[in-house]
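This report refers to the structure that appears directly beneath it.
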Amino acid sequence: MQSGLPLFPERASTIGASVDQLYFFLLAVAGVFATLIFASVFYLAIRYRRRPANLRAEQIPGSLVLELTWSLVPLGLMMVMFFWGASLYFRQARPPDGAAEIYVVGKQWMWKLQHPEGPREINELHVPLGRPIRLIMASEDVIHSFYIPAFRIKQDVVPGRFTSEWFQATKPGRYHLFCAQYCGTNHAQMNGWVYVMQPADYENWLSGGAPGESMPAAGERLFQRLGCSTCHRPDGAGRGPSLEGVFGKPVLLQGGAKVLADEAYIRESILNPDAKIVAGYQAIMPTFQGQISEEGLLQIIAYIKSLKRGTQP
Amino acid sequence: MNTTLLEPREETGRNYLNADYSIRSWLLTTDHKRIAILYLVAITFLFFVGGAFAGLMRLNLLTPQGALVSAETYNKLFTMHGLIMIFFFLIPSIPAVLGNFLVPMMIGARDVAFPRLNLLSWYLFITGSLLAMVSALSGGVDTGWTFYTPYSTTYSNSYVVTMAAGVFITGFSSILTGMNFIVTIHTMRAPGLTWFRLPLFLWSLYATSAIFILGTPVIAISLLLLGLERIFGVGIFNPKLGGDPLLFQHLFWFYSHPAVYVMILPGMGVISEVVPCFARKRIFGYNFVAFSSVAIALIGFLVWGHHMFVSGQSIYAGMVFSFLSFLVAVPSAIKAFNWTATLYKGAITYHTPMLYALGFLGLFTIGGLTGLFLATLAVDVHVHDTYFVIAHFHYIMVGGAVMAFLGGIHFWWPKISGRLYPEAWARLSAVVIFLGFNLTFFPQFILGYLGMPRRYHSYPPEFQVLHVMSTAGSSILGVGYLIPLVYLLWSLRYGQAAGPNPWGAKGLEWQTPSPPPTENFERTPVVTEEAYAYTGEELSAGL
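These protein sequence lines are chains A and B, in that order. Residue numbering for the first sequence follows the working numbering, beginning at 10 and increasing consecutively. Residue numbering for the second sequence follows the working numbering, beginning at 829 and increasing consecutively.
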């Protein structure tokens, strides 16, 4: 751990290097302009101080050329900042294909994490080096924010919806994990550590410890227990559509609209089933609002993701 | 040499202060100058209350464990600090004190257009402040000044509704003040005082008033909806009741971002008065400075989403808000360059108001440039909700708005009180404030990029050195703020009589005795020249 007077944070993700480059560009531009203004003010303030040789000010109304210069030059530089920042922001928002998924639930005042393979963690996150990881995040109560400074990423975790962020760690080690959105009394305690491990160590870590049920398996149990399977039959002959192979595909809705079956759509379909009705089916599904926890939702979603054609029993 | 300008005189004749000494004459006054004083007393008290909260926070942060107060108390301290400083100090500070005092005087009018509404707005402000104090004394609020839902509507066990009611009621005082200023500036200007002869302070206040009128109703609505959900359980923001938490953020920032310009625009107006006076020069690029105020007020309404880049709002919305946020930086840059250029070929003296103005220029520059970091999407993702943001907005709000307020108070103090403040003490305190401010807040930029989240009662030990620097700075800053309180009060009794125009300043407010008579001007002045028509040969006291 650093001590003394740190001036620059650790960096351990692919996006981190790009963010820091942009930050240094901003520092350079800000430095040049601050110096320009401070030096001008100091020079003019001393040079034109009132003294016996300088009792009279010379009146100058203004200059259109100067006004345009100091409007347009900063504007041009700012457009560079804008495009650079926006393109990087889009990269931050879009995980690469094939990113491994880890599920995060925030609640006052802890982070609950679950790997699809089953292991659960609280306020700790173990991840392998060099593999893109996408976090799918939900909140049980208020707004939280999942912040890993060393990765330069942050995303609010908002109740009532999923949010996500991704990273690819570049350096093994232990890094701070903070809740960055004020969430009540013990907000400052809602933090922990991210452990970046060599892939082999990570596999050992995953298989070690208490053998837990994998997320799809837990989701399947819920799927049976809540009675989902009575209607959502694999052959599509039930009162609800088959869910096999649905995830990540477009779904045709009543009225002809199409929607992508992503996490948000499945969440909505479970909690507010009448919002979007699949073409050819009736609006008869009851809501499961209040009957299923955020973690349960994530497990069911992990289960539905795992349903390839012909796999649902 | 015109000795009548320079020699201290005994106050002669009646003025607005000695017209009547009864308490009743103050509490029922419709004189804009007395109402300004009423505001000054109230907001000075509230400033020191809010400052005390900040002092306790900084002391708590001396150690990583946050050993001084409990987490719950700490959360209430930063909440109350933010609420009081923003809604009960910064927003009313320059408009309600200097604006009330100066708007009629600068346009050669006897009073504002609606003097009784003006008094009503003070009572609304006091009612709101009292509710805020009741909320604080009965246990406080712990939601953060931003009242984010669903924490504020469902989860917080604190006096949210009382506080929200206080802010709600105070909002009406802003609306009335804004309306009063707009009507006054439109209808009561002295003969010859065309729009482009107006002092730039009035352009700033005009833009501010427009924000008051258009923006304040939105915060009122947001707080009303918040109350509905908290008291009656109507599902608006809490997803468990079918609401949307981001809706609150959109509503809240739709007002609260323009409110940032409410706090800084009047300060820019003050600087535009002070710099020409002490440089003895007409301001460089009058039209550009004037229209940049209008541009800031307009574009300022379109950038609220830059508080929400990591909130889960659409990334395309984020892109648009980022772009517009860069645009709003241009008029601010124009102002900073024009103030600097005004110094060129001036004959500059360094009385306290000028020191504050130059301090403002430096700190506002840093605050503005670091704003670019926050407008840059990918960098904001990292520094959002960290101390970087805290540092940035304190450079604008304290380095900008409070420095300008103090500069303005010193500049117009001779007019308001009829007395000169002690120059040496005033210069000393300006320097102390400048140094203390930088030591307090500059380390917070570094803390922020290191990843130190805001609103943390305790923190990892590696951040301690920077926190200690910041706390040390805040104690210097606190002393810096107490010095003017002492000498300004002292000057009321012992200060040299100022005379009508101790700075040799242009502007109608300086053409009448200090303190001014109740009716401001014996005869309605006629304006025949541009604003800031300095020749460089004006005399001023102590030069």
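Glycine included, C-beta positions come from ideal geometry on N, C-alpha and C.
Could you tell me which residues DSSP puts in a beta bridge with residue i?
i, result
"Arg183(A)", "Tyr204(A)"
"Arg1247(B)", "Ala1325(B)"
"Ser148(A)", "Gly115(A) and Pro168(A)"
"Lys317(A)", "The partner list for Lys317(A) (beta bridge, DSSP) is empty, contrary to what the question assumes."
"Phe155(A)", "Gln164(A) and Cys188(A)"
"Glu130(A)", "Leu122(A)"
"Gln177(A)", "Pro141(A)"
"Val287(A)", "Leu262(A)"
"Ser22(A)", "Ala178(A)"
"Pro1281(B)", "Thr1214(B)"
Write down the C-beta distance between residue i and residue j rounded to the nearest angstrom, noting that I regard them as a contact closer than 8 Å.
i, j, result
"Ala1175(B)", "Arg59(A)", "4 Å"
"Lys163(A)", "His1212(B)", "6 Å"
"Pro158(A)", "His185(A)", "6 Å"
"Ala39(A)", "Leu1197(B)", "4 Å"
"Leu144(A)", "Trp93(A)", "Not quite, the Cβ-Cβ distance comes to about 25 Å (not below 8 Å), so this is no contact."
"Gly1113(B)", "Glu76(A)", "6 Å"
"Tyr1089(B)", "Ala1125(B)", "6 Å"
"Arg862(B)", "Tyr849(B)", "That belief does not hold up - the Cβ atoms of Arg862(B) and Tyr849(B) are roughly 12 Å apart, past 8 Å."
"Tyr112(A)", "Met224(A)", "7 Å"
"Gly1063(B)", "Leu1069(B)", "3 Å"
"Ile1224(B)", "Ile1092(B)", "6 Å"
Could you check what DSSP says for residue i in three-state terms: helix, strand or coil?
i, result
"Ala246(A)", "coil"
"Gly115(A)", "strand"
"Ala937(B)", "coil"
"Lys163(A)", "strand"
"His241(A)", "strand"
"Cys1105(B)", "helix"
"His135(A)", "strand"
"Gly1370(B)", "No answer about Gly1370(B) holds up, because its pLDDT of 49 lies below 50 and its placement is not dependable."
"Lys258(A)", "coil"
"Ile1059(B)", "helix"
"Ser850(B)", "coil"
"Glu304(A)", "helix"
"Asn985(B)", "coil"
"Val268(A)", "strand"
"Asn63(A)", "strand"
"Thr858(B)", "coil"
"Arg58(A)", "strand"
For residue i, which residues in the same chain have their Cβ closer than 6 Å to its Cβ, ignoring the five residues on either side in sequence?
i, result
"His1295(B)", "Leu889"
"Asp939(B)", "His860 and Pro932"
"Ser1120(B)", "Pro1159, Ile1162 and Lys1163"
"Ala882(B)", "His909"
"Gly956(B)", "Gly994, Ile997 and Thr998"
For residue i, which residues in chain B fall below 7 Å Cβ to Cβ?
i, result
"Phe99(A)", "Ile1143"
"Cys192(A)", "Tyr979"
"Asp150(A)", "Tyr983"
Sorted by chain position, which residues of the same chain lie with C-beta nearer than 7 Å to residue i's C-beta, five sequence neighbours on each side aside?
i, result
"Arg837(B)", "Summary for Arg837(B): the model assigns pLDDT 44, below 50, so the residue's position carries little reliability; its value from the coordinates is reported in the next sentence. Contacts found: Ala1325 and Gly1327."
"Leu280(A)", "Thr296, Phe297 and Gln298"
"Ala1258(B)", "Thr1180, Leu1183, Tyr1184 and Gly1187"
"Val167(A)", "Ser148 and Ile152"
"Ala288(A)", "Leu261, Leu262 and Gln263"
"Leu97(A)", "Ser27, Val28 and Leu31"
Chain A partners of residue i, CB-CB under 8 Å?
i, result
"Met1231(B)", "Ordered by position in chain A, no residue passes the 8 Å Cβ test against Met1231(B), which lies about 14 Å from the chain."
"Gly1279(B)", "Pro18, Tyr156, Pro158, Ala159, His185 and Phe187"
Under 7 Å between beta-carbons, which chain A residues line up against residue i? List them in chain order, please.
i, result
"Lys1173(B)", "Tyr57, Ala66, Glu67 and Ile69"
"Phe1262(B)", "None at all; the shortest Cβ gap to chain A is about 13 Å."
"Arg1108(B)", "Ala66"
"Glu1365(B)", "Arg65"
Would you say the beta carbon of residue i is closer than 7 Å to some non-hydrogen atom of the ligand GTP?
i, result
"Asn985(B)", "No copy of the ligand GTP occurs in the structure displayed, which carries no ligand at all."
Can you list the residues of chain A that residue i reaches, using a CB-CB cut of under 9 Å?
i, result
"Gly1190(B)", "Ala43, Ile46, Phe47 and Val50"
"Ser853(B)", "Within 9 Å Cβ-Cβ: nothing; Ser853(B) doesn't reach chain A, min ~42 Å."
If I measure Cβ to Cβ from residue i and keep anything under 8 Å in the same chain, skipping five residues before and after, which residues do I get?
i, result
"Ala21(A)", "Ala159, Phe160, Ala178, Thr179, Lys180, Gly182, Tyr184 and Val205"
"Gln11(A)", "The predicted position of Gln11(A) is uncertain, since its pLDDT is 46 and thus under 50; a value taken from the coordinates is nonetheless stated next. The residues are Glu19."
"Leu14(A)", "none"
For a contact meaning CB atoms closer than 8 Å, what does residue i contact in chain B?
i, result
"Arg170(A)", "Pro1067 and Gly1140"
"Lys163(A)", "Val1138, Val1209, His1210, His1212 and Asp1213"
"Pro83(A)", "Ala1157, Val1158 and Ala1161"
Which residues of chain B have a Cβ atom closer than 9 Å to the Cβ of residue i, listed in chain order?
i, result
"His196(A)", "Ala899, Asn903, Pro1281, Arg1283, Tyr1284 and His1285"
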